[in-house]
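First to last, the protein sequences are chains R and D.
Here the first sequence is numbered in full-length UniProt numbering, starting from 1 and rising by one per residue.
Here the second sequence is numbered in full-length UniProt numbering, starting from 1 and rising by one per residue.
Glycine residues also receive a C-beta, built at the ideal position from the N, C-alpha and C atoms.
This one's a predicted model, so the numbers in the text were calculated from it and none came from an experiment.
See structure below.
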Amino acid sequence: MFRSRKKKQTRKDVHVAQLEAIVGPTEILYEKEDLLSYDCDGFTVHKAMPKAVVFPKNTEEVAAIVRYCSVHDLPFLARGAGTGLSGGAIPLNGEVIISLGKMRNLLSVDYENRQAVVQPGFVNLKLTNSISSKGYYYAPDPSSQYVCTIGGNVAENAGGAHCLKYGVTTNHILGLEVVLPNGEVIEISDGGIPDSPGYDLMGLLTGSEGTLGIVTKITVRILKNPQGKQTVLAYFDNVEDGSRAVSGIISAGIVPAALEMMDKTAIEGVEAGAYPVGHPKDIDALLLIEVDGIKAGIDEQIEEILAVCKSRNVREVKVAESEEERGKWWANRKTGFGAMGAISPDYLVQDGVIPRSKLPEVLKRISEISKESGLRIANIFHAGDGNLHPLILFDSRVPGETEKALEAGTACLKACADVGGSITGEHGVGIEKKEEMRFIFTDEELEAQTRIREVFNPDDLLNKGKLFPTPSRCMDVKKVVKDTVAAK
Amino acid sequence: MAKSLAAQLEEAAPPCADNSSSNYLLMDHPDENKWADCVHCGMCLESCPTYLETGKEQHSPRGRVHLIKSVAEGKLNVNAQFADPVFQCLDCRACTTACPADVDVGGLIEEARGQVRKAMPLKGWKGAVSSFFLKGLFPHPERMQTVSGLLKFYQKSGIQSAVRKTGALNIMPAHLADMEAIMPEVKQPVQKKYKDYKFIPAKGNPKARVAMLTGCIMDVMFSDINESTINVLTHNDNDVVIPKNQTCCGALHVHAGDRDMGRKLAKQNIEAFQGEEKVVVNAAGCGCALKEYPELFKDDPEWKAKAELFSEKVEDISKYLYDTGYEKPISTVNKKITYHDACHLAHGQGVRHEPRQLLQDIPGVEYTEMANADTCCGSAGIYNITNPEMAGAVLERKMENVPDEIEMISMGNPGCMLQMAMGVQKYGRRSEIVHTVQLLDWAYQKDQENIGANQEATSSKG
């Protein structure tokens, strides 16, 4: 509709013509210039061109596209807003990308049963915005919630700052409509009845990173706004004190809604970005702590948090005095990753999880990795649940730096795995961490999981080459990754 | 046996075999430092009107930056396929506000347009129309004044009503007919009216002297807003100078990719305002363009320095009044009012609070905030003429956000005023479209009348 230029008169590929027949001429892209915008998502280290991008408007069209691809052996994958950080939507095999951006409606809200039904392309924050006037909200709040889609959240089992208390996406999904890789449409827990008998397919689908099916309708749980909410900002002169304060707060029996930490480099980044708060430049770490719930009791919890911080040599600690101030602190935190652009041309974000008690130890190890690689590493993370996000700052224009950044990232994940942690908290494995899966799973365990995938996705046409290491031996791939990077 | 990752990437058709050299072949190409800050996070997506409308990444800020960068990396050529997303952009700068790393997408777009227009000049009627308006008309105040006279003749002579009655408009493209329908009543340009004045004196003791940019279209279509601006400034004890040699700000040229003309106009304005301490502007688009003059002289240190000096003096009228103090009117304007953020005021210059405060300082004003007040209305310079369909879609979204009972929509940019007036007309709303300073001026005028009436009453008593 909005195309001012005439289409190039290139001879259309037969598959493109058939797909165009399903979605209509304005809802398919197949020329190189148009496809280029789809060669990566929020993970920019690898890029690859899709065969085409299609924009279905409803489940029937998704199913028809999937059926076509399946019959004709065309690899395909689903894409939401493309904000994923592990490369889950990158078309490694020249896939047909099924963009769910046109299926972006809120279908219904049932306040009585506290649930809402959305299409996969519906933006996360829009759900809260649509129901907040009635006093409700949707809990999972990944930092990209301003733009990311709930379909993508389901695929990645997205977390967020507040998952410490409220859990991640899987704890908020009540029902799914899924197009399976053969084009069949199934409903899991139709109507959002919790605890259906039989296997927990919803749990399996949520977080499967788009390898088992394409979600076309989602029933989510919505929550009543907490009665009260208080937010604390604490500045520390050294990271260790900050980490100890985190453990101190949790072991005092408080479950904050959010407990976030940023280190010195991260603070430099967010202060150079678009939402500076005015944090002191010479502090080593800051904590952003939020408590919510029924009004009674919040003040006591805040008192206790302040006391813990003080006992850990906090330099300055303050409670947000207004919603405006609170909003400012959060905007500063939530735009943290993107803000790194202001101090570095590229960054690679890692997503390890560790037991809280190991925080000081692992942070020390990360700072060593930074020294060894010669690259700066900023740490922004959900300290409360031990979910680290080391941001490795590099410049892809400098030969060899991308490689170094990848290595440093792997080393960070190794450090997490070594203390009994995991290689991903919420960003998913995608392309980025598939090799690192070996840090926490044996070959047999990986094999068992691959077999589950084969049940749903026997021809491996859907999002092939993601989530699990492809070649048999780890070292091969490491070399290959280096080669591709060097060839870039 | 599964293929190696390298083989997979190979098969995935690497975008370019030779990415060693840039495909920007001309001077003044997009600035690498501008895209170096973009980490492709996607936080801009939902702020972009064209992405919301199309759902397609190449029509999103991140997608456009990616394409602009790809040309520099040799993966793409400057061709029609590249020009499309670059010219579909409204240049509304909402992405700049949304961006966590302050990437100057607007600046990149303007630079890319410069490359496109040089590599592929507009031909046929589009080229002719564009060069008639942008080269032959807007930069020439005397011709603009002639147009003003002709438009006035069109309106006053009865031709306008005849044209409207005969349905002659039906043969015009729909969006142009829509525009004719909302054409404001043309009055005398202030450039002409005050041509014999050295300056227009402050009402009281002058506290400052400010120079005013009268604008090209502003002074023809909206000379009453210029008049109001002068009144409000002099009312608040400012001497107002209207430099004679000033010209069109060049915003439309830069938006359209004609950066050479933009530079020419910039130089003329920098010289015309030399010696002035403050340059006050009542059109958001013009103000933003003046502030960004240094961008045009990246490769010319001498003029860059001059442009920097100049751009620091530029201020939007609402911000100038807010910063230097203004008299709060006593008379009431009993209207339900909302405010629309012109993109180049809110996103371009960071002016949001000041005009709202101005409005709320007028007694009687019942102010309601509009949802998504800082979303583009689709005017975007001459975008509504070049891309009518998209502009119409964007306008429709905008109008959905205007609260029902609103009597006046206030804003600070003439382009928006025409577009919003079109929206009001098209969707059967009753709201009046006003410039923020007009409201203040009306309130001051009422004050004067009341004082006059009181004095009369007193003197007749005496």
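| Query | Result |
| --- | --- |
| Assign T442/R to one of two classes, buried (16 or more other C-beta atoms within 10 Å of its C-beta) or exposed (fewer than that). | exposed |
| Can you list, in chain order, the residues of its chain whose CB lies under 8 Å from that of A17/D, leaving out five sequence neighbours each side? | The predicted model places A17/D with a pLDDT of 39, which falls under 50 and marks its position as unreliable, so this point remains unresolved. |
| Closest to D395/R by CA distance: which of S37/R, N457/R, G88/R and Y347/R is it? | Y347/R |
| If I measure Cβ to Cβ from K295/R and keep anything under 7 Å in the same chain, skipping five residues before and after, which residues do I get? | Q227 and G228 |
| Beta-carbon within less than 7 Å of V62/R's beta-carbon, same chain only, minus the 5 sequence neighbours each way: which residues are those? | P56, I98, V179, I214 and T216 |
| At the level of alpha carbons, what is the spacing between K278/D and F138/D? | 24 Å |
| Short of 7 Å in beta carbon distance, which residues of its chain neighbour V190/D, apart from the five on each side in sequence? Order them along the chain. | T214, D219, S223, N226, E227, I230 and I242 |
| Whose CA, out of R259/D, K304/D and D316/D, lies closest to the CA of G285/D? | D316/D |
| Measuring CA to CA, which of P360/R, P197/R and P142/R is closest to A415/R? | P360/R |
| At least one CB of chain D closer than 8 Å to the CB of S133/R: is that the case? | no |
| Any heavy atom of the ligand FMN inside 7 Å of the beta-carbon of P469/R? | The ligand FMN is absent from the structure shown, which contains no ligand whatsoever. |
| Roughly how many angstroms separate the alpha carbons of F199/D and E260/R, rounded to a whole number? | 59 Å |
| Would you report the Cα separation of S322/R and I380/R, rounded to the nearest angstrom? | 24 Å |
| Of the residues P91/R, G159/R and G175/R, which one's Cα is nearest the Cα of Q119/R? | G175/R |
| Could you check what DSSP says for F337/R in three-state terms: helix, strand or coil? | helix |
| I'd like the ranges of any alpha helix (DSSP H) spanning at least 4 consecutive residues and lying wholly in the region 211-265 of chain R. | 239-251 |
| Within 8 Å (strictly less), CB to CB, does G430/R reach chain D? | no |
| May I have the straight-line CA-CA distance separating V362/R from G421/R, to the nearest angstrom? | 10 Å |
| Name the chain D residues whose beta carbon is nearer than 7 Å to that of A339/R? | P100 and A101 |
| For chain D, find out if any of its Cβ atoms is closer than 8 Å to the Cβ of K102/R; answer yes or no. | yes |
| Is it a yes or a no for the region 290-307 of chain D touching the region 361-368 of chain D, going by three-plus beta-carbon pairs under 8 Å? | no |
| Please decide whether Y38/R counts as near chain D, where near means a Cβ-Cβ distance under 8 Å. | yes |
| What are the partner residues of K336/D, as DSSP defines its beta bridges? | E366/D |
| Chain D beta carbons: is any one of them nearer than 8 Å to that of E33/R? | yes |
| Along chain D, in chain order, which residues have C-beta atoms closer than 9 Å to that of V147/R? | C41, G42, M43, C44, L45, E46, S47 and A98 |
| With DSSP run on the structure shown, which of helix, strand or coil describes D441/D? | helix |
| Could you check whether the Cβ of A258/R sits closer than 8 Å to any Cβ belonging to chain D? | no |
| Roughly how many whole angstroms lie between the Cα atoms of P294/D and V116/D? | 21 Å |
| So M183/D is in the alpha helix (DSSP H); what residue range does that whole segment cover? | From DSSP, M183/D is part of no alpha helix (DSSP H); its letter is neither H nor E. |
| Given a threshold of 16 other Cβ atoms within 10 Å of its Cβ, counted over all protein chains shown, does F310/D qualify as buried or as exposed? | buried |
| Along the region 65-95 of chain D, what residues have a CB closer than 9 Å to any CB found in chain R? | H66, L67, S70, K75, L76, N77, N79, A80, Q81, F82, A83, D84, P85, F87 and Q88 |
| Is it buried or exposed for V270/R, if we count other Cβ within 10 angstroms and need 16 for buried? | buried |
| Report all residues from its chain with a CB closer than 7 Å to the CB of S472/R; omit the five preceding and five following residues, and keep chain order. | Residue confidence is low: S472/R scores 41 on pLDDT, short of 50, so the model does not pin down where it sits. Its coordinate-derived value is still stated next. Closer than 7 Å at the Cβ level, and outside the excluded window around S472/R, lies no residue. |
| Would you check if there are 3 or more beta carbon pairs closer than 8 Å linking the region 164-171 of chain R to the region 32-48 of chain R? | no |
| Which residue from V96/R, G84/R and D39/R puts its Cα closest to that of Q18/R? | V96/R |
| By alpha-carbon positions, which one of A373/D, K336/D, G257/D and K335/D ends up nearest to H353/D? | A373/D |
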